[in-house]
Amino acid sequence: MEKNTRKRKIMVIGHKNPDTDSICAAISYSYLKNKISDTYHEPRRAGEINQETAFVLQKFGMPIPRLCENVSPQVRDIDIREVEGVAGGTTMRAAWETMRDKDVTSLPILTEDEHLLGLVTLQDIAMANMDSLDPRTISNAGTSLKNVIDTLDGNLVVGDPETRLSGGKVVIGAGSPDVLEQSMDEGDIVLLANRYDTQLCAIEMNAALIIICGAPDVAKTIVKLATMNGCAIITTPYDTYQASFLLNQSIPVEHFMQRNIKSFSLLTTVEDARKLMGQVRYNYFPIVNGDGKYCGLISKRNLLNFKRKKLILVDHNERTQCVDGYEEAEILEIIDHHRIGTLETNGPVYFRNQPVGCTNTIIYSMYREQGVEIEPSIAGIMCCAILSDTLAFRSPTCTQLDIDTAHALAKIAGIDPMETAKEMFEAGERLDGKTAEDIVKTDYKIFAHGDTQFGVGQLSFMSKDSLKKAKALIQPYLPELQKKQRLDMVFYMLTSVMDESTETIWAGASAPETLRKGFGIEVEGDSAVLPGVVSRKKQFIPAVMKALATDEDDVYME
1 MEKNTRKRKI MVIGHKNPDT DSICAAISYS YLKNKISDTY HEPRRAGEIN
51 QETAFVLQKF GMPIPRLCEN VSPQVRDIDI REVEGVAGGT TMRAAWETMR
101 DKDVTSLPIL TEDEHLLGLV TLQDIAMANM DSLDPRTISN AGTSLKNVID
151 TLDGNLVVGD PETRLSGGKV VIGAGSPDVL EQSMDEGDIV LLANRYDTQL
201 CAIEMNAALI IICGAPDVAK TIVKLATMNG CAIITTPYDT YQASFLLNQS
251 IPVEHFMQRN IKSFSLLTTV EDARKLMGQV RYNYFPIVNG DGKYCGLISK
301 RNLLNFKRKK LILVDHNERT QCVDGYEEAE ILEIIDHHRI GTLETNGPVY
351 FRNQPVGCTN TIIYSMYREQ GVEIEPSIAG IMCCAILSDT LAFRSPTCTQ
401 LDIDTAHALA KIAGIDPMET AKEMFEAGER LDGKTAEDIV KTDYKIFAHG
451 DTQFGVGQLS FMSKDSLKKA KALIQPYLPE LQKKQRLDMV FYMLTSVMDE
501 STETIWAGAS APETLRKGFG IEVEGDSAVL PGVVSRKKQF IPAVMKALAT
551 DEDDVYME
C-alpha cells in the first residue's frame, strides 16, 4: 500500500490569465521565502503562460510553475487512514480479525499489484454467516484447501493446498458408513470423527475432501487410499461441531465483497466526496492514487477535519482574479501593487501593497530587507517583470523605484534592460497559429463596480502591423467572450509601446458610453484611440470606474 507521505507546503500564486509579473513574482517570492523559512514554498500558476512570459523563463533557464486552477480542499488534504488491504483469497475469518484489530467496519480487497478489487464490510460478513446453511457455499466460492487449513488450524495430510473446491456440498459423517452412504455424493466435503470405517467409506465414494476432526494422526492405509483416489485429507483439533461452524469462515472474502464500489482519488474534492458518500451505506471509502493503486481509507467523519491549502497571493487582491476555491483555502500573505480590491480573508494576513509599477519591485525591496542575495537567473526574471509591467518605463505607473530596481537587477543578471525589453515584447506579440481566445487569455482580468462586471484585456505591441492583425482577430471574438462570461462589458487594450497610446475595442451596449464618460472623448466606429493611455491599472480602470460611479458614489468620494 502506498503511504500517504505528502508534505504540507505553501503555494505562492498569481492571478488568473497570468502575465509576466504574476508568474515571475510567484517564482521570485517563493525563492525568497525558502531562504528565510523552514516551510517549503512552491510557485504555482493559475492559468496558461503567454509567449512573453515563456520567452523570459526560457531566456533565464527557469522552469514553468505547475498549473493550479482550483485550491478547493481535496481528499489528499484529509488525514487518510492507512489500513492495509487484503487479497481476494483471504478467508472471511481473517478479514473479520483484521477489521476487529484495526477497528474499522470496511476492508479493501486488493490485487497483487495493490489495485482495488472491491470492499467487504462487517455487514457483508454478518450476512455471509446468516447464509451459512447452504451446504454448497464452500464449493461455490471456490475455497482453497489452504483457506480451510488456516481456518481450522488444520494440517494437510494429502493434497495440494492451492487446490480449490468445486461442486460438492458439506456433509457431516456422524454415524456409521451406512448412514454416510445415504447422505453423501461424489465430490463432497466430509467432516468425520476418528473412525477408520467412515474414513474408508468416504474415500471409496470419491469425496473431494475429508476433514478428520479431533485426531492428530491418520492411518497409513487411509493416507495411501486417499492419495490413490485423489481425495484430500485435512486433520483439525476441533470436533465436528466446531469444525462445521468454522468451515464457512474459510470462504475467500472476494466471494462476498462488494464490487463496483465508490472510491476516490487523491484529487477528488471534499465536496464531491461528501455528495458520493451520501449515496451508499458503508462508512469507509478507499482512496486510490493516479495509477489506480490503493492508498488508504477515509470515513465520513474525516471530511470534518480537512486541512486547508495555504496560499500566498502575489500581483492581485481581487476575488474575481483569484484562483478558484480560494474561499476554502488559508491565505497567509498578499504582495501586490494594485488598488485594494474586493478580496476578503478569514483572518488577518500579512498584506504588503505599494504604489509601484510592478510586484517584483516590492519583492526586490524584501530581498534587501532580509539580506538575501539574488541569483542571476532570479534577478533576470524580476527585471523582465518590471520591464513588462512598466512598458519599459513608459507607463505612468512606473516610479523611480521601479527604474532603479530594474537597473540593479539587470546588473546582477548581466543583461541590457532596453535590449531585453525589445526582445521580450517582440516575442509576446507574435500571433502565428494563435486563436482570438489564445490572445485574449494572455493578459485578461475581470473587475466589478457595484452590480456591474466587466473584463479588460491588454496586449502591448512594438509593431503597428502586429497591432492591426491582433485587432482583426480579437474584435469578432469579444461579443462571444462577453456572453460566455455573462459580463456587462468587455474591453481590450491594444497598446502601442512606441506611440505610448492604446486603441480600445469592446463588446457590450454600454461600452461606448462608458468610454465617452470615462475619457471625455467622442466614440465613433468600432474602436477608440486613447493617446497617452498605456496602463490598465493606473489609467484605464480608474477611468472606467469613474464612468460607472453613480451620483451617490460621487458624493461619497468627495
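Take the numbering used here: the last position of the sequence shown gets the number 558, and nothing is skipped along the way. Think of the CB as a built atom: it goes at the ideal place given N, C-alpha and C, for glycine as much as any other residue.
If we ignore side chains and look at the alpha-carbon of each, how far apart do residue i and residue j end up?
{"i": "lysine 469", "j": "phenylalanine 519", "result": "25 Å"}
{"i": "glycine 325", "j": "valine 83", "result": "30 Å"}
{"i": "valine 148", "j": "lysine 220", "result": "22 Å"}
{"i": "lysine 464", "j": "threonine 39", "result": "47 Å"}
{"i": "isoleucine 335", "j": "serine 22", "result": "11 Å"}
{"i": "glycine 278", "j": "serine 299", "result": "12 Å"}
{"i": "glycine 230", "j": "aspartate 291", "result": "44 Å"}
{"i": "threonine 550", "j": "glutamate 480", "result": "28 Å"}
{"i": "serine 72", "j": "tryptophan 96", "result": "36 Å"}
{"i": "isoleucine 27", "j": "isoleucine 362", "result": "14 Å"}
{"i": "serine 501", "j": "alanine 543", "result": "15 Å"}
{"i": "valine 104", "j": "lysine 262", "result": "17 Å"}
{"i": "leucine 487", "j": "arginine 368", "result": "42 Å"}
{"i": "histidine 15", "j": "threonine 442", "result": "12 Å"}
{"i": "leucine 200", "j": "leucine 180", "result": "11 Å"}
{"i": "phenylalanine 447", "j": "lysine 411", "result": "37 Å"}
{"i": "asparagine 317", "j": "valine 253", "result": "55 Å"}
{"i": "valine 372", "j": "cysteine 398", "result": "25 Å"}
{"i": "aspartate 402", "j": "lysine 293", "result": "51 Å"}
{"i": "tyrosine 241", "j": "alanine 193", "result": "10 Å"}
{"i": "leucine 515", "j": "glutamine 475", "result": "17 Å"}
{"i": "glycine 142", "j": "arginine 164", "result": "5 Å"}
{"i": "isoleucine 203", "j": "leucine 209", "result": "9 Å"}
{"i": "valine 490", "j": "threonine 53", "result": "24 Å"}
{"i": "lysine 59", "j": "aspartate 451", "result": "43 Å"}
{"i": "leucine 122", "j": "glycine 175", "result": "36 Å"}
{"i": "threonine 5", "j": "cysteine 383", "result": "Confidence at threonine 5 is low in this model, with a pLDDT of 43, below 50, so its placement is unreliable and the value that follows should be read with caution. Looking at the two C-alpha atoms, the distance is approximately 38 Å."}
{"i": "methionine 99", "j": "aspartate 113", "result": "22 Å"}
{"i": "glutamate 522", "j": "glutamine 482", "result": "23 Å"}
{"i": "glutamine 249", "j": "aspartate 150", "result": "10 Å"}
{"i": "glutamate 558", "j": "leucine 343", "result": "At glutamate 558, the pLDDT of 21 sits below 50, so the modelled position is not reliable; the number obtained from the coordinates is stated separately. Each residue's alpha carbon lies about 24 Å from the other."}
{"i": "arginine 319", "j": "aspartate 389", "result": "21 Å"}
Does the Cβ of residue i have 16 or more other Cβ atoms within 10 Å, making it buried, or fewer, making it exposed?
{"i": "lysine 224", "result": "exposed"}
{"i": "isoleucine 13", "result": "buried"}
{"i": "glutamine 321", "result": "buried"}
{"i": "valine 323", "result": "buried"}
{"i": "glycine 347", "result": "exposed"}
{"i": "histidine 115", "result": "exposed"}
{"i": "histidine 407", "result": "exposed"}
{"i": "arginine 44", "result": "buried"}
{"i": "lysine 445", "result": "buried"}
{"i": "methionine 62", "result": "buried"}
{"i": "leucine 460", "result": "The sequence given here places serine at residue 460; leucine does not occur at that position. Serine 460 should be labelled buried."}
{"i": "glutamate 429", "result": "buried"}
{"i": "alanine 385", "result": "buried"}
{"i": "glycine 380", "result": "buried"}
{"i": "glycine 173", "result": "buried"}
{"i": "serine 30", "result": "buried"}
Of the choices the options, whose alpha-carbon is the least far from that of residue i?
{"i": "glutamine 51", "options": "Tyr477, Glu330 and Ile439", "result": "Ile439"}
{"i": "leucine 560", "options": "Ile78, Ala547 and Ile49", "result": "With the chain represented from 1 up to 558, any question about residue 560 goes unanswered, as that position is not in the structure."}
{"i": "serine 244", "options": "Asn17, Asp134 and Lys146", "result": "Asp134"}
{"i": "methionine 498", "options": "Ala392, Met11 and Cys358", "result": "Ala392"}
{"i": "valine 467", "options": "Glu426, Met130, Ile541 and Lys484", "result": "Before going further, note that residue 467 is leucine rather than valine in the sequence given. The option with the nearest alpha carbon to leucine 467 is Glu426."}
{"i": "serine 527", "options": "Met493, Pro18 and Ile541", "result": "Met493"}
{"i": "methionine 205", "options": "Val171, Thr20, Val349 and Gly214", "result": "Val171"}
{"i": "glutamate 271", "options": "Ile64, Ser37, Ala385 and Asn70", "result": "Asn70"}
{"i": "arginine 136", "options": "Ile189, Ala329 and Ile125", "result": "Ile189"}
{"i": "asparagine 17", "options": "Ile521, Ile374 and Asp315", "result": "Asp315"}
{"i": "lysine 471", "options": "Thr495, Gln485 and Arg308", "result": "Thr495"}
{"i": "proline 531", "options": "Pro216, Thr504, Pro161 and Ile222", "result": "Thr504"}
Given a cut-off of 9 Å, decide if residue j and residue i are closer than it, judged by their beta-carbon atoms.
{"i": "leucine 332", "j": "isoleucine 312", "result": "yes"}
{"i": "phenylalanine 306", "j": "phenylalanine 285", "result": "no"}
{"i": "threonine 236", "j": "isoleucine 212", "result": "yes"}
{"i": "arginine 259", "j": "glycine 118", "result": "yes"}
{"i": "lysine 35", "j": "isoleucine 10", "result": "no"}
{"i": "glycine 414", "j": "proline 376", "result": "yes"}
{"i": "lysine 169", "j": "serine 139", "result": "yes"}
{"i": "isoleucine 234", "j": "glycine 159", "result": "yes"}
{"i": "leucine 67", "j": "glycine 85", "result": "no"}
{"i": "leucine 266", "j": "arginine 93", "result": "no"}
{"i": "leucine 110", "j": "alanine 128", "result": "no"}
message: Would you call the segment 171-190 in contact with the segment 152-160, where contact means no fewer than 3 C-beta pairs closer than 8 Å?
response: no
field: Sufficient close CB pairs (3 or more, under 8 Å) joining the segment 524-541 to the segment 420-435
entry: no
message: Would the segment 408-424 count as touching the segment 451-458 if we require 3 or more Cβ pairs under 8 Å?
response: no
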